[in-house]
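The structure under discussion appears below in the form of structure tokens.
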Amino acid sequence: MAPYLSPVEEPRGLLLRLVYFFARRQFGKVPTPLAVHSARMPAAFLSFYGKVSRLDKKLELSAETAMLVREQVASVNSCLFCMDTQRWYLQHKSPGTLARLDALPEYQTSPLFSDAEREALEYATELTQDKQVAPETFARLRHHYGEREICDIVWLVASEHLYNMTNHGLNIGSDGLCELRPALPATVTRDVASSRPAVGARSA
Numbered sequence: 255m256a257p258y259l260s261p262v263e264e265p266r267g268l269l270l271r272l273v274y275f276f277a278r279r280q281f282g283k284v285p286t287p288l289a290v291h292s293a294r295m296p297a298a299f300l301s302f303y304g305k306v307s308r309l310d311k312k313l314e315l316s317a318e319t320a321m322l323v324r325e326q327v328a329s330v331n332s333c334l335f336c337m338d339t340q341r342w343y344l345q346h347k348s349p350g351t352l353a354r355l356d357a358l359p360e361y362q363t364s365p366l367f368s369d370a371e372r373e374a375l376e377y378a379t380e381l382t383q384d385k386q387v388a389p390e391t392f393a394r395l396r397h398h399y400g401e402r403e404i405c406d407i408v409w410l411v412a413s414e415h416l417y418n419m420t421n422h423g424l425n426i427g428s429d430g431l432c433e434l435r436p437a438l439p440a441t442v443t444r445d446v447a448s449s450r451p452a453v454g455a456r457s458a
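This is the structure in structure tokens:
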């Protein structure tokens, strides 16, 4: 798929030229969102996008759970660029987590996920699809996570939408860094989720 705006091949300013240089060294190419969107915006916007991901290091939620939540939101939103780069990163930095990434479409039944992770993923899925969360969904989440961790999850869902909608708005797809496994349709996820037990049926 071709983006609606052509990539900027020769960026203005020293900062962007440096970013392009290091991006080519790391990925072998300039990521499309950088060349299509960030290159046309003031440098402060590029800095803001970078700060969003760096703030994840300040979360109390485990880094792996945070990764799973972000990937699930990107998958529900069909942000192929985000899914592609996340897989590339894990292949290079944490290849042991790829099995869990591949199992995300079956997170409600896969033994690779804990009960707590399933509820975090279900919450993220519902919030992303419906733009609201049912009280019973929130209650199940609260059964496993404290208030700060719940706010961490909300942050992950909300901030991932920033990346996803930026790419969708400009028709930016995968950069082809690695193969992508297509996600299950949302209705399949919901059908599986509907059979979950209530909060009271869970152990603490």
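In the numbering used here, the protein residues as written are 255 to 458. We put the beta carbon where it would ideally sit given N, CA and C, even for glycine.
With respect to the 7 angstroms criterion, Arg324 and Glu380 are not classified as neighbours on the basis of their beta carbons. Of all alpha-carbon atoms in Val327, Met321 and Leu269, the one lying nearest the alpha-carbon of Ser301 is that of Leu269. Contact check for Leu259 against Val306 fails: the beta carbons are separated by 7 angstroms or more. Remark: fewer than three beta-carbon pairs, one from each stretch, lie closer than 8 angstroms, so the stretch 291-299 and the stretch 386-397 are not flagged as touching. DSSP places Ser329 in the helix class (H, G or I) of the three-state scheme. Between Leu395 and Glu373, the CB-CB gap stays under 7 angstroms. Scanning the stretch 323-399 from its first residue to its last, the whole alpha helix (DSSP H) runs of 4-plus residues come out as 334-347, 352-356, 369-384 and 389-396. If you draw a 10 Å sphere on the C-beta of Leu416, you find fewer than 16 other C-beta atoms in it, and that means exposed. By the Cβ neighbour-count rule, Glu314 is exposed, with fewer than 16 other Cβ atoms within 10 Å of its own.
Its chain contains Ala320 as the residues whose beta carbon lies nearer than 7 angstroms to that of Asp310, once the 5 sequence neighbours on both sides are disregarded; these appear in chain order. Of the residues assessed, Pro365 falls on the exposed side of the cut-off, its CB having fewer than 16 other CB atoms within 10 angstroms. Ranked by how close their Cα comes to the Cα of Gly400, the residues Gly427, Asn425 and Ala370 have Ala370 in first place.
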